[in-house]
Amino acid sequence: MRIKTLQLLKYGKFTDAHVVLPKAQHDFHFIVGPNEAGKSTIRQAIGELLFGINPRSPLGFLHAQSELRLGATLQGASTELEFHRTKATKSPLRTPDDAKLPESALAPFLGGADRSFFLQMFGLGHQELIRGGQSILDASSDLGQVLFQSSAGIARLGLIRDRLSEEAASLWSPRKANDRAYYIGQNMLDAATEQLKESVVRTKSWSEAHAAVTDAEDKLAAEQGRHRTLEAQRSGLERIRRLAPVHAALCAAQVECEALGAVLEFPGDSATVCSSAQAGLASAEAIQELRDTEVQRLTTALSAIVVDKPALTLHRDIEALDATRQVCRNHPRDILRRQDEVDSLVTEATGAAAELSWPTEEAALRAMMPNALALKAVTKLVRDRGALAVAASTGASAVRDKEDEVAALVAELASIPELAVSPELRSALEVAQSLRDTEAKQQRLAVAVGRAEAALERKLQALGAWRHGVDALRSMTPPTAARVARLISDRQSLALLGASASEQRDAAHERVGATKREIEACTQDRHLVTPAEVKNARAGRDTAWRAIKGAEVSLAIGAPVLDAALARADELVDAQLGSVTGSTELHSLQQRLAREEDESAHRLQVAQGKERDLAAFDQAWADLSKACGLQGMHLEDVTAWLAHRAEALLAEEAHLQAQGERAAEQEAARAASRRLADMLLAGRLMVEPDAGIGRLCGFAAAHISDAERAAARRSALAKQLTSARAALLGLGRANAAAGDALAAWKAQWAAALAQARLTGDTGTDSHAEAAVDIVMAIQDKLEKAREVRRARIDTMRADLDAFAQDTRRIAAELDANLLGHNADEISAELSRRLATALTAQADAERIERELQRAQTEARQALEAVQSVHATLQPLLERALVRTPQELEPLIARSDRARVLADAIARARLALVSGGDGLALEALFEELVRADVPAAQAALSAVMTELQESVDAQSMLSTELAAARQRLATISGSANAAIAEAKRQEALAQMADASERYVKVATAARLLRWAIDRYRDRKQGPMLARASAIFAQLTLGGFHKLTVDYDKQPLALSALRSGGTAVEIPGMSEGTRDQLYLALRLAALELHLEQTDALPFIADDLFVNFDNARAKAGLQALADLSQRTQVIFLSHHEHLVPMVREVFGSGVNVVTLH
Amino acid sequence: MKFIHAADIHIDSPLHGLSAYPDAPVGLLRSATRDAFSALVAAAIEEQVDFLIIAGDLYDGSWRDHNTGIFFCKEMGRLKRAGIPAYVLFGNHDAESEMTRRLELPDNVYTFPSRVAKAFKLEHLKVALHGQSFKEKEVTTNLVPDYPAPDPGYFNIGVLHTALEGNAAHANYAPCTIAELHAKGYHYWALGHVHEHAVWHGASTIVFPGNLQGRNIRETGRRGAVLVCVDDDRNVRVERLFVDVLRWEAVSVDASGCATLAEVARAIGMALEALVADSPNAAPIVVRVTVCGKSAAHGELFGLELQLRAEVLAQVAAIGNERLWLEKVRLETRPMADRASVAARADAIADLQDLLEEAETDPEFLQSLHDDLSAIMSKAPLEMQAMVPAFAAVRAGQLPELVRQVRPGLLAHLMAAQ
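Top line first, the protein sequences correspond to chains X and S. The first sequence begins at 1 in our numbering and counts up by one. The second sequence begins at 1 in our numbering and counts up by one.
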């Protein structure tokens, strides 16, 4: 089948795009375009066209998913079909007119291929090519796998087989490991079995435990009965001992009671009442007398007190007057002192006025004083005058100084010369300065060269017997480290397998020996009766019986013989029955021996095989090492030797590098020195002909430094001169302004003096300032004098007048006689009278309160006396007596009778409560009959027996508890059932692991076997065809693929045109890719010989091919394109001419944009 | 009058085929038969039945732990306190057990003798129970002819442990026929031994209640006893009484529409969710999942069987480990490509198919495979031999059959691997 046209109707970025693939002699179509042009889309489109569009297609970004649509015209051997493919779930195949096509419409063209087969067999992309090349390397020692992978397009066959083997090993292997699923289950099984053994309780154990409990219970019950009997005895004896004293006291009380006779009964507290009443009466009467006396005394004292009530009426006025008097006491003296102060101030003011020739009388002076505004104007002008005069003076001086500075700067600038430095000189100096230390550096580089030489020699020596020249070392092709590691690992695996096989062989051998010994022991220790012996014995018995029965012998003679024969036969039969177990065991042992001998032989074969494998491996290594120039080297030393070789090559590179660095440094120093000298001479600076680079650098640097300093100084002076000239102009303007201000001040000064009435001698500034100060002082003195008069003197005089008026008003109300005295005296007298009146009033109130309290207490004392009399009265009336003294003896008799009655009652109660429930009569009888002195001894004996009984019960209780404990452990617990459940779980786990193991182990072994068979059958034709294609692809660099049948496992290698065999690990990555392509194309060609063709899609296969090999690849595809359609997708535009060269100018090239 | 008829209790016998995994409700399931029996006793007390019949196989034959007997006595003590007597007939398993002879039972438990058939009469109910226990494990004679004639005026119940007309799944002990039982003249036959529930109506009502608790994947569905109600006219009504504490179920999942392992796992998850949704009671379900159908995932499943189990366990955890215990995931899928279509490829895979078929007849290969598999088989304990079907095939030399079983999966696995 081939595709005639491909239509991308609505698919990915395409809309109604058509790719025409016309048939030609070579059915080859080259589709080229840059990235994103749609090549991958076309590759995917061909797959989905033939086998259906993915339900979750990523290509539905432009068109809706449901609208995705492809179309094509397919050509078969004799038929052609034009159809569309939609994404519909039902009827995805349509005609161009959108009529439904059956899903089987494509079947005649596809030849039974499904999507995965088509993509795997007829699709080959760059990724698959790389993966396939790698898979050849990975499986380089497994030819069958290589061939199978290549022809099936599967790159992970070995991985699958290894994964199956690994899974099988993770489940089970003969060697126990705790991380293997089977042995995890086995460990669980062992633990659960152990738990089950510990948990199971046999019925017999329960019966024994139950019987032990019953026995202990019976013994304990008997001992408890004995204990109860002893306890009854102990109780009776203790009762006698306890109640005998009570009984005796009862009898004595009854006798005394009868002796007292008839008694007048008083209440129990009568004696207390009587004595308390007598004491209370005496005390209450004494208190009553004391209270009456106090009342009398207080009444007398109250009547003796007199109170001045008018003074108390004016109480507040007198107190206020006294306070005013205290305030005004010093006013007359203060008034005189303040008046002196006023006079002094006025005198000072008039004295100052005289200095100004003003009037000296106070009123005239106050009229002469100028106003404050005029004085302030004069003061301000005085203050401004100084500043104006200074400004005018300093302005002129500054102008002169600045003019001198400008002249000096001009002179210095003219004295500094101008020096020039060329850029070339600077550049040459910079280069030369970087090499100033070149001599030291050259010495260091020389030392480094020496060290590198020594290091190279050491590394070469480390190569030992396999030392070669550096070039020879570099050209060697020893095995890679990875390959060596794999070889070592393989050898270790072989060695381990060999050791394991040897161990298993030895173990199997030992088991055979042990079983033989067991059989021997079994045979020797027991006499095993064979069926033949029994048969013989029975035959003897029957013969004897037949002899008797046939009267061949007499009964007397035959009977003993028959008895003996019977006994012998029975004995043998019994022995045979008894030895059935032994026979069975022996038979079992013999069977086991046979099995173990078979196993031992098998193990021996396995061990020998492993030894042969190891020897073959060592021989293979010997051959390989010889081919690599490492003959005789031990495999495990190769890694170290390779490392030494790499180090030697590195040391050689280091040596060459050091030499180069030293030569470069020498040349650079010479060139820099030459150029700097030339530049100095060009600047007309003379240098010594043989000056070194150091001196040249110093000379050039000094010259450049001088030039730079001069230029900097000239620049600074120019800036200063400009600045000074600008400042001079400003100073001139400021000096003129100061002169103008001073002239204006002088004009204002005369007017201000006239306004302040200071027209006298005030011609100078100091005079004017002094006159102003005097005027201000006069004004201050006059103001102070006025304030003292108003605020102090006038206020005190008003206070004294008010005090005198109040004093006379109060004196007139209380005592007119007082008006003849001054106000201070009257006020003092009134205060004294008020104090006396207040004291008398307080005394009277205090005594009245004490009198009321004394009267209350007197009444309470009288009531107490009456209460005591009332308490005694009932007792006196009951006894028919008048005084407490007569009452006392009667009360004493009554109390004694009561005590005796109580004692009798208590004794009877004690007998009842301590009598252990016996009736009083029975108790009296028991106590009367009891031998009280002997009761204690009897009690001691009973107590001893009781203690023995308690001990015995304790022991029996312990036994019973232990027995019950043993029985209680068999309480129906589910421990054993749970352990059994765990066992079953473990068994299930082991079974699951075993089941899976059988499957994967079988699959792994099956796959390995099938691969070997595949290799045996297919390698001939496939390798022949692949050899031809490989030679073509490598441009004759390799001409044949061969198999080394002397190696195990078989290894694939390629022969160079010179006859050298190159194994796969020795090939470059590109060559491996070409080998894989050759194998794939060979497999495809063989496949096409057996079945119908489908289009072969090649996607950028030649990414790692050089141009020549890419052309060879195209030629290989040209051969294929004669058998089937080849669609080649590429983004390499440069391949187009090559394609036209190989396929002719008429080849179909489709360019995508 | 009403009573409960139970049989095949097998107290403390373990569940088979369950491998434990993290979060599985092992604590609950390890005492399943006990818990089911306790639930039976609770039901008897709650229903206030007049008596309880146990028609054999109270214990598991080889089970020796006396604690099991003590547990039984304790449960009978609960019945005694509720005033309910129990009539126990010993079956083949009980005959093996030492506990049957030595255990001291409470006085509300009446056991049928093994020498002759005996009748217990309940005068207040006018009920006569006839039965004969097994004297030994293998009673192969028909016991029915020696059962007493029905007592007139009584509701006659025959208690019998029997395979009844040779039930194929169970040993053919005490065989008899249904016609024979009908002809005996009893009103009700309380049978035991067959673990599946069955009822026959006719002259007598003949009932197998089934075993009390399913113990392996062959015993799926609800399990328990029967509650029998008899009215004054001696009409019999039989109701199933489910007391099992967990249920075994087999779920078949069609993987035809699944292309990957993940899709298969999702389909299994949905099937398990449906199973749980269809089980209104909260009893845990032990489930075996069988994946079947022609599936594109066949090859992937072959190689990742353990991963599939892990994925299904994750689904189980999502549903609730307390509701489900996964017994096994059995793969019975078939590859999409049949033999002819693979052969039509005419490529290496097609060659491989032929080679794999050849392996079945290659004696050298079969011998090497036999050596491999014999190693694990010879180390496996005796109890496990029957649990792995492949061991039997290896023992019987049926290795070609084993290769035939593995071949399609391996082939599909290789085809799916790229």
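For every residue, glycine included, the Cβ atom is placed at its ideal position computed from N, Cα and C.
How would you label residue i, buried or exposed, when you count the other beta carbons within 10 angstroms and need 16 or more for buried?
i	result
ASN67/S	buried
LEU875/X	buried
CYS251/X	exposed
ARG1080/X	buried
TYR1076/X	buried
PRO150/S	buried
SER422/X	exposed
LYS719/X	exposed
Mind listing the chain X neighbours of residue i? Cutoff is C-beta to C-beta under 7 Å, in chain order.
i	result
LYS118/S	None at all; the shortest Cβ gap to chain X is about 24 Å.
PHE365/S	TRP1009
ARG395/S	Those do not exist, as ARG395/S stays about 12 Å from chain X at its closest Cβ, beyond 7 Å.
MET99/S	THR203
Could you name the residues of the same chain whose beta carbon sits closer than 8 Å to that of residue i, not counting the 5 residues immediately before and after it, in chain order?
i	result
TYR154/S	LYS121, LYS126, VAL127 and ALA128
What does residue i touch in chain S if you count any residue whose Cβ is under 9 Å from its own?
i	result
TYR1014/X	ALA348, ASP351, LEU352 and LEU355
Could one say the Cβ of residue i lies closer than 8 Å to chain S's Cβ atoms, at least one of them?
i	result
LYS610/X	no
GLU533/X	no
LYS1018/X	yes
LYS516/X	no
SER949/X	no
HIS509/X	no
GLN984/X	yes
VAL200/X	yes
Just to confirm my understanding: we take residue i, look at its own chain, exclude 5 residues before and 5 after, and list those with CB closer than 7 Å. What are they?
i	result
ALA277/X	VAL868, THR871, LEU872 and PRO884
ARG538/X	ALA569
VAL49/S	LYS2, PHE3, ILE4 and ILE84
ARG483/X	PRO1065
Is residue i close to chain X, meaning its C-beta is less than 8 Å from at least one C-beta of that chain?
i	result
LYS74/S	yes
LEU421/S	A question about residue 421/S goes unanswered here, because the residues of chain S that appear run from 1 up to 418.
GLU305/S	yes
LEU18/S	yes
VAL388/S	yes
Applying a beta-carbon distance threshold of less than 8 Å, which residues of chain X neighbour residue i?
i	result
VAL406/S	LYS999, THR1002, ALA1003 and LEU1006
MET384/S	LEU987, MET990, ALA991 and SER994
Closer than 6 Å by C-beta to residue i: which residues in its own chain qualify, once you throw out the five before and the five after it? Chain order, please.
i	result
THR290/S	SER252, ARG330 and GLU332
ASP806/X	LEU321
LEU887/X	CYS274, LEU875, ALA879 and VAL881
ALA271/S	VAL251 and VAL253
Could you name the residues of chain S that residue i contacts, counting a contact when the two beta carbons are closer than 7 Å?
i	result
GLY972/X	ASN67, ILE70, PHE71 and LYS74
Closer than 9 Å by beta-carbon distance: list the chain X residues that pair up with residue i, in chain order.
i	result
SER368/S	ARG1005 and TRP1009
In chain S, which residues lie with their C-beta within 8 Å of the C-beta of residue i?
i	result
ILE160/X	GLY303, HIS413, LEU414 and ALA417
**Q.** Interfacial residues, the segment 147 to 158 of chain X to chain S, with Cβ spacing under 9 Å
**A.** LEU147, PHE148, GLN149, SER150, SER151, ALA152, GLY153, ILE154, ALA155, ARG156 and LEU157
To be precise: take each residue of the segment 231 to 253 of chain S, compare its Cβ to all Cβ atoms of chain X, and keep it if any distance is under 8 Å. Which residues remain? none
- Residues, ordered as in the chain, of the segment 542 to 568 of chain X that lie near chain S by beta-carbon distance below 7 Å: none
query: For the segment 169 to 189 of chain X, which residues have a beta carbon sitting closer than 7 Å to at least one beta carbon of chain S?
result: Residues of the segment 169 to 189 of chain X with a Cβ closer than 7 Å to any Cβ of chain S, in chain order: TRP172 and PRO174.
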